[in-house]
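Input: a single structure, listed below in structure tokens.
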Amino acid sequence: MNILKLFYRNLTQGPSTVAFPFGPAWTPPKLRGRIRFDLPACTGCRACEQVCAPGAIRFDKTPEGLRFMMWHNSCVFCGLCNFYCPTDAIVQSDDWHLAHPTARMYEMAIRELIPYTACSACGTKTLASAPNPVGVEPPFSAEEIEQFRHLCPGCRKKALEERTPNHAPTE
Amino acid sequence: MSNFTIPVGPLHVALEEPMYFRLDVQGETIAHVDIHAGHVHRGIEYLVTKRNVFQNVVLTERVCSLCSNSHPQAYAMAIERIAGIVVPPRAQYLRAVADEVKRVASHLFNVAILAHLVGFDALFMHVMEVRERMQDVKESVFGNRMDIGANAIGGVRYDIDAQGIGYLNQQLDAIDAEVVEIIDLYRTNGSILGRTRGIGVLPHADAVDCGVVGPVARAAGIDYDLRVKAPYTAYDRLDVTVHTLPDGDVWSRAMIRLYEARTAIGLIRQCLRDLPDGPTIDSRERPSIPAGEAIARCEAPRGELIYYVRMGDSPKPERVKWRVPSFMNWDALRIMLKEAKIADIAIIVNSIDPCISCTER
Ligand code: SF4
Ligand code: SF4
């Protein structure tokens, strides 16, 4: 092909660039951007924390409960947290507008708390986290999730066995 | 004619990567080359031993931007070998798709830079515009323009539905048509030919001696491609054409990359056509990795990439070591640069598609 033909084609087709920031920039729906966290869905399993390579996610035990912290400025948008989260409590949105003045640096974080509660069955102090859905058949209903949230690990196990009697291992 | 010793690099306007050459020149001609390394050492091999198996999928992806899919893939293959994990067939095909998408983008990038170094910036911008379509593919299918995050231990993290396959095929058709035109341009354009034919020659015998890999080897007539010699993922079920050229000059290396870009497009089409159904990963639960060691290899855009992983009792690897293609190829620069003109240094260095960030990690 002749390079002049290419010039002519480019001339007739117009520019390939977009006018951002003066116009909208194309964003594919699957873009892996800013992390979003859905506290009620979190089981507190800390899988996301363990797979996060830059250490952008941190859980801390506080007197009030399990504190979740996620720093957008440390995140490398790898999506591993999203991939290994059993409940999609942590997902990546297609929002890539993360530029911000340095003064707002400390606002670029997600701070949430999974509070302690008293087990509704035995009264033990326990985390009000969502139940782990892995291997649960049929899946939890919304009411069941709320019911399990207020149970301690031991009572959850019992309730799960009662829920699916044939779920317990048979010898 | 007077003799000088001149430094080129590590920071130099014409070099894309921080390499340092100490050149003894006689007038315009290079008499002797010294290559000094170590300017972008980041200690990643050490960092890998400070992170667990899963975090390292992300860390290894950041060793190199253009081969960013090959590193986690070789790493994952080594871990899978240690743990005896079998990657599901659909994931094997999807791994090949990711590999080839990256190969097209990487090869077009290098060929574009060649046009820029020749001083033909209109062509540079055109090739980059074509490559931009592949960047759109990466963004749309994988969610990121460079670190596509395709791999996980035991499989892949992405999937393509019918709509995605349609979109990919449509983009591939467009890119393929453009690459055909680009090949024609590089084959006939006087400015390109004048600056690349017979420049930076690596004769076949020297190529064998240096153990060069990838397009550098194939442009010197060495028929060596890991996708054929030791197929991994789905390559044993795909029809891979290996291109070779006899001359070993800058032009041959560029042409090999362009031919391989077309072959890669063909391979993606084959994968999308034959894509089996089924799971895309062995298990969504994180598998436990026993102690052990393994080696895995794959054909990165720049050539054969080798990973060695040793796991102990801890979830963090005891040792991860990689042999990157540029390490084999940059030694050959001594031969390519010998008797070359100073003005051709940048073109010759670029022709091995050096990746210093992974060589010095
Ligand atoms: S996307 Fe990656 S880096 Fe960001 S929070 Fe999740 S695991 Fe961490
Ligand atoms: S449920 Fe998801 S968000 Fe919550 S700790 Fe586990 S992985 Fe993290």
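Residue numbers (the numbering used here), protein chains in the order written: chain A, 224 to 394; chain B, 11 to 371.
Even for Gly, the Cβ is constructed at its ideal location relative to N, Cα and C.
Could you check the C-alpha separation between residue i and residue j for me, to the nearest Å?
{"i": "A/A391", "j": "B/P335", "result": "Any reading at A/A391 must be qualified, since the residue scores a pLDDT of 48, below 50, and its modelled position is unreliable; no value is offered."}
{"i": "B/E27", "j": "B/R307", "result": "25 Å"}
{"i": "B/G313", "j": "B/A227", "result": "9 Å"}
{"i": "B/M346", "j": "B/H253", "result": "21 Å"}
{"i": "B/S75", "j": "B/S367", "result": "8 Å"}
{"i": "A/L350", "j": "B/K331", "result": "42 Å"}
{"i": "B/F134", "j": "B/V128", "result": "9 Å"}
{"i": "B/V190", "j": "B/I362", "result": "22 Å"}
{"i": "A/G436", "j": "B/H42", "result": "Because chain A spans 224 through 394 in this model, residue 436 of chain A falls outside it and cannot be assessed."}
{"i": "B/S324", "j": "B/V96", "result": "22 Å"}
{"i": "B/I22", "j": "B/H49", "result": "Here residue 22 of chain B turns out to be His, not Ile, going by the sequence shown. The alpha-carbon atoms of B/H22 and B/H49 are separated by roughly 13 Å."}
{"i": "B/E328", "j": "B/T70", "result": "15 Å"}
{"i": "B/L285", "j": "B/N120", "result": "30 Å"}
{"i": "B/V18", "j": "B/T39", "result": "14 Å"}
{"i": "B/S298", "j": "A/I226", "result": "56 Å"}
{"i": "A/A270", "j": "A/R386", "result": "26 Å"}
{"i": "B/N360", "j": "A/L229", "result": "25 Å"}
{"i": "B/I89", "j": "B/P289", "result": "19 Å"}
{"i": "B/V147", "j": "B/P225", "result": "24 Å"}
{"i": "A/L374", "j": "A/C265", "result": "15 Å"}
{"i": "A/P251", "j": "B/V151", "result": "9 Å"}
{"i": "A/A242", "j": "B/Q145", "result": "18 Å"}
{"i": "A/H295", "j": "A/C378", "result": "36 Å"}
{"i": "A/K381", "j": "A/G358", "result": "16 Å"}
{"i": "B/N179", "j": "B/V68", "result": "28 Å"}
{"i": "A/S297", "j": "B/R197", "result": "46 Å"}
{"i": "A/E384", "j": "A/M293", "result": "35 Å"}
{"i": "A/P309", "j": "B/I54", "result": "30 Å"}
{"i": "B/C77", "j": "B/S116", "result": "7 Å"}
{"i": "B/C281", "j": "A/P376", "result": "46 Å"}
{"i": "B/V273", "j": "B/G210", "result": "Note that residue 273 of chain B is Thr in the sequence shown here, rather than Val. Their backbone Cα atoms lie some 25 Å apart in a straight line."}
{"i": "A/A365", "j": "B/Y85", "result": "40 Å"}
{"i": "A/W249", "j": "A/W319", "result": "11 Å"}
{"i": "A/C301", "j": "B/D186", "result": "29 Å"}
{"i": "B/G204", "j": "B/A125", "result": "12 Å"}
{"i": "B/Y177", "j": "B/I278", "result": "13 Å"}
What do you reckon, is the C-beta of residue i under 7 Å from a heavy atom of ligand 2?
{"i": "A/T285", "result": "no"}
{"i": "A/I313", "result": "yes"}
{"i": "A/P309", "result": "yes"}
{"i": "A/C304", "result": "yes"}
{"i": "A/T266", "result": "yes"}
Closest to residue i by CA distance: which of the options is it?
{"i": "A/L234", "options": "B/Y242, B/H136 and B/V166", "result": "B/H136"}
{"i": "A/A332", "options": "A/G346, A/G302, A/Y307 and A/R281", "result": "A/R281"}
{"i": "B/A350", "options": "B/G37, B/E370, B/I316 and B/Q83", "result": "B/G37"}
{"i": "A/K253", "options": "A/C345, A/W294, A/P362 and A/D317", "result": "A/D317"}
{"i": "B/D249", "options": "B/P98, B/A106, B/L25 and B/I299", "result": "B/A106"}
{"i": "B/V319", "options": "B/V63, B/E270 and B/Y234", "result": "B/V63"}
{"i": "B/I45", "options": "B/E270, B/M29 and B/Y85", "result": "B/M29"}
{"i": "B/R113", "options": "B/F31, B/D194, B/I232 and B/I275", "result": "B/I275"}
{"i": "B/L57", "options": "B/V73, B/G48, B/H49 and B/A47", "result": "B/V73"}
{"i": "B/T243", "options": "B/Q83, B/I16 and B/D186", "result": "B/Q83"}
{"i": "B/I202", "options": "B/V211, B/D131 and B/Y177", "result": "B/D131"}
{"i": "B/M265", "options": "B/G322, B/Q173, B/M87 and B/I193", "result": "B/I193"}
{"i": "B/T251", "options": "B/R143, B/W261, B/Y269 and B/V260", "result": "B/Y269"}
{"i": "B/R267", "options": "B/N154, B/V238, B/A230 and B/M87", "result": "B/A230"}
{"i": "B/D341", "options": "B/D219, B/Y177, B/R247 and B/K239", "result": "B/D219"}
Just to check, is the beta-carbon of residue i closer than 7 Å to a non-hydrogen atom of ligand 1?
{"i": "A/F300", "result": "yes"}
{"i": "A/C378", "result": "no"}
{"i": "A/V274", "result": "yes"}
{"i": "A/C271", "result": "yes"}
{"i": "B/I163", "result": "no"}
{"i": "A/M293", "result": "yes"}
{"i": "B/I158", "result": "no"}
{"i": "A/I258", "result": "yes"}
{"i": "B/A310", "result": "no"}
{"i": "A/A279", "result": "yes"}
Residues of chain D with CB closer than 7 Å to the CB of residue i, please, in chain order.
{"i": "B/H214", "result": "No chain D is present in this structure, whose protein chains are A and B."}
Say the cut is 7 Å; is the CB of residue i nearer than that to a heavy atom of ligand 4?
{"i": "A/W294", "result": "Ligands in the displayed structure: ligand 1 and ligand 2; ligand 4 is not one of them."}
> Can you list the beta strand (DSSP E) stretches of 3 or more residues lying completely in the region 320-345 of chain B, in chain order?
Replying inline: 327-333
>> List, from N- to C-terminal side, the alpha helix (DSSP H) runs of 4 residues or more that fit wholly inside the region 350-381 of chain A.
In response: 365-372
> Where in the region 273-313 of chain A do unbroken runs of the beta strand (DSSP E), each at least 3 residues long, occur, reported from the N-terminal end onward?
Replying inline: 280-285 and 288-294
> Which whole runs of the alpha helix (DSSP H) in the region 124-159 of chain B are 4 residues long or more, in chain order?
Replying inline: 131-147
>> My parser needs the alpha helix (DSSP H) runs of 4 or more residues fully inside the region 79-106 of chain B; what are they?
In response: 80-93
>> Just to confirm the assignment: which complete beta strand (DSSP E) runs, minimum length 3, are found wholly within the region 12-73 of chain B?
In response: 13-18, 30-36 and 39-46
>> Ignoring anything shorter than 4 residues, give me the alpha helix (DSSP H) runs that lie fully in the region 206-235 of chain B, in order along the chain.
In response: 214-220 and 224-228
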